[in-house]
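2 protein chains.
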Amino acid sequence: MVTVALLAAACQTEPQPVAADPAEAVMANILSRKSVRSYTADTIPAAVMENLLRAAMAAPSGRNIQPWSFVVLNDTSRYDEIFGDNHNMSMFKQSAVVVVICGDTTVVRPPRDNPDAPAVQQPSGTWRDDMGAVTENLLLAVEAYGLGACWTACYPYLDRMAPVKQALGLPATVVPYSVVPIGYPAGDEQPKDKWDPSRIHYGRW
Amino acid sequence: MVTVALLAAACQTEPQPVAADPAEAVMANILSRKSVRSYTADTIPAAVMENLLRAAMAAPSGRNIQPWSFVVLNDTSRYDEIFGDNHNMSMFKQSAVVVVICGDTTVVRPPRDNPDAPAVQQPSGTWRDDMGAVTENLLLAVEAYGLGACWTACYPYLDRMAPVKQALGLPATVVPYSVVPIGYPAGDEQPKDKWDPSRIHYGRW
């Protein structure tokens, strides 16, 4: 069921035998992750779904503020209300589940230059960076379980965020960051080979 | 050498036997990732270093713009010039290598509403989100190889970015996004257990 390809064969068409070395298994997973945009009608086991969210919540965050929350959706009859005229609608409706990854743009803590002062609610400087890591963790776990997903951006596009925020009843300081449809792949999407040594500089640009 | 702990034992002190199931290996890796802030004097094999950067470049990016570049540093005599009075300096100087993950804030392409028009250089709407995923991929590969690292923010802090950009000679549209010191762990940092089911909502908030 799990079809993680070997590192050296990450771009081949057929699933490959799985590496015994855990580092190779991790590398193969990272190199096999891909955007999957069509899904079978199969549902996702609850235990797998929990592990996907465990992976997401294991992301790092600046000063460990953990600004994330998740809204899990599978009632497609509500998607027109929730996602408006989002151009990814057909993908959302075909998927087994849609996870809306939300980020709190504020944090409640003492001022940085006065740790003994009372905690106040203030803008977070790094919430958006944290959310990128959360989303990537989710996508990597999806790949590991033989599922497929596609990261679709919500933030910073106001026209996409507005209906989601309204329909899901998000708190004032919470924004819908990314929308991730997940399901078992119906097609045979392959990972892109993006390795480009010219992007690496040593000592200086 | 690889010390990925089993999923069920991610918060125990001793390294655990490695799971044979690749999905378990991937989950264990994600749940074992941690910030490591002290390092031994050991250097990182070139083949491992290449795989770390392969993992980073396998990240997704909005419309596949791949806005990333990497500056790899190990000449600590230059770090005062490069990092100024960054409060993470002692960690940088102790690590085997520092990777400065850079992002191009612009993209050259036709206007979104007119794909047949000539390509023009324009701000990227998602480069920052892409960089979060790149950084997380690097950190997960670091963990897989028994190395340790710590994501330190550079963008959006102007006082941290300025000396890096100047000293490394970054192009005008490229910013230093994150600074990641990497080395073999000298201590026994453990991953945080951040699992919190109250962060998950079903159907609506």
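Quick note, the sequences are listed as chains A and B, same order.
For the numbering used here, add 8 to where a residue sits in the first sequence, where the first one is 1.
For the numbering used here, add 8 to where a residue sits in the second sequence, where the first one is 1.
By construction, the Cβ of each residue, glycine as well, lies at the ideal position given by its N, Cα and C atoms.
| query | result |
| --- | --- |
| What do you reckon, are the CB atoms on A/V108 and A/V187 nearer than 9 Å? | yes |
| From what residue to what residue does the beta strand (DSSP E) around A/G111 run? | V105 to D112 |
| How about A/T134: is its C-beta nearer than 9 Å to some C-beta of chain B? | yes |
| Tell me whether the beta-carbon of A/S40 lies closer than 9 Å to the beta-carbon of A/A141. | no |
| Identify the continuous alpha helix (DSSP H) that holds A/G140 and give its terminal residues. | W135 to A152 |
| If I follow the unbroken alpha helix (DSSP H) through A/L60, where does it start and stop? | A54 to M65 |
| What are the residues of the stretch 189-202 of chain B that lie near chain A, defined by any Cβ-Cβ distance shorter than 8 Å? | P199, K200 and K202 |
| Any contact of the stretch 84-102 of chain A with the stretch 130-140 of chain A, i.e. 3+ C-beta pairs under 8 Å? | no |
| In chain A, which residues lie less than 7 Å from B/I38 when you measure between Cβ atoms? | A63, A66, N145, L148 and A149 |
| Taking all protein chains shown into account, do 16 or more other C-beta atoms lie within 10 angstroms of the C-beta of A/T143, making it buried, or fewer, making it exposed? | buried |
| List the residues that DSSP assigns as beta-bridge partners of B/C162. | B/P164 |
| Would you mind reading off the limits of the beta strand (DSSP E) that contains B/Y185? | V182 to G191 |
| Consult DSSP for A/P30 and reduce its assignment to one of helix, strand or coil. | helix |
| Between B/H209 and chain A, is there a C-beta pair that is closer than 9 Å? | yes |
| Can you grab the Cα-Cα spacing for the pair B/P171 / B/Y47, in whole Å? | 25 Å |
| Check B/A17 in the structure and name its three-state DSSP category. | Since pLDDT at B/A17 reaches only 36, below the 50 mark, its modelled position is unreliable, and the value read off the structure follows with that caveat. B/A17: helix per DSSP, three-state reduction. |
| Nearest to A/K101 by CA position, among A/T114, A/Q74, A/G111 and A/D83, is which residue? | A/D83 |
| Of all the options A/D29, A/P30 and A/M35, which has the alpha carbon lying nearest to the alpha carbon of A/L148? | A/M35 |
| A/Q174 versus chain B: which residues are under 7 Å apart at the beta carbon? | Residues of chain B passing the Cβ test: none, with the nearest at roughly 11 Å. |
| Tell me whether the beta-carbon of A/R212 lies closer than 9 Å to the beta-carbon of B/L176. | yes |
| Which residues in the same chain have their Cβ closer than 8 Å to the Cβ of B/A125, if we skip the five residues on either side of it in sequence? | P118 and P119 |
| Hey, which unbroken runs of the alpha helix (DSSP H) at 4 residues or more fall wholly within the stretch 78-108 of chain A? | 87-91 and 97-102 |
| Which residues share a DSSP beta bridge with B/W213? | BP columns for B/W213 are empty, so no partner. |
| For the beta strand (DSSP E) that A/Q74 lies in, which residues bound it at each end? | A/Q74 -> no beta strand (DSSP E), and no H or E assigned at all. |
| For a contact defined as C-beta to C-beta under 8 Å, what are the partners of B/S103 on chain A? | Under the 8 Å cutoff, chain A gives no residues; its nearest Cβ is about 15 Å from B/S103. |
| Distance check for B/L178 and B/Y163, CA to CA, integer angstroms please. | 14 Å |
| Is there a C-beta anywhere in chain B that falls below 9 Å from the one on A/E22? | In this prediction, A/E22 scores a pLDDT of 45, lower than 50, which makes its location untrustworthy; no coordinate-derived value is stated. |
| At the level of alpha carbons, what is the spacing between B/Y210 and B/P53? | 46 Å |
| So, does the CB of B/Y165 fall closer than 9 Å to a CB anywhere in chain A? | yes |
| Only counting the same chain, and skipping five residues up and downstream in sequence, which positions put a Cβ closer than 7 Å to that of A/A161? | S186 |
| In the stretch 28-58 of chain B, which residues sit with their C-beta less than 8 Å from some C-beta in chain A, listed in chain order? | A28, D29, P30, A31, A33, V34, M35, A36, N37, I38, L39, R41 and S43 |
| Under the rule that 16 or more other beta-carbon atoms within 10 Å means buried, what is A/D201, buried or exposed? | exposed |
| Is the Cβ-Cβ distance between B/V116 and B/A104 less than 9 Å? | no |
| Who are the neighbours of A/G140 on chain B, taking C-beta pairs under 8 Å? | R136, D137, D138, M139, G140, A141, T143 and E144 |
| What are the residues of the stretch 105-127 of chain A that lie near chain B, defined by any Cβ-Cβ distance shorter than 7 Å? | none |
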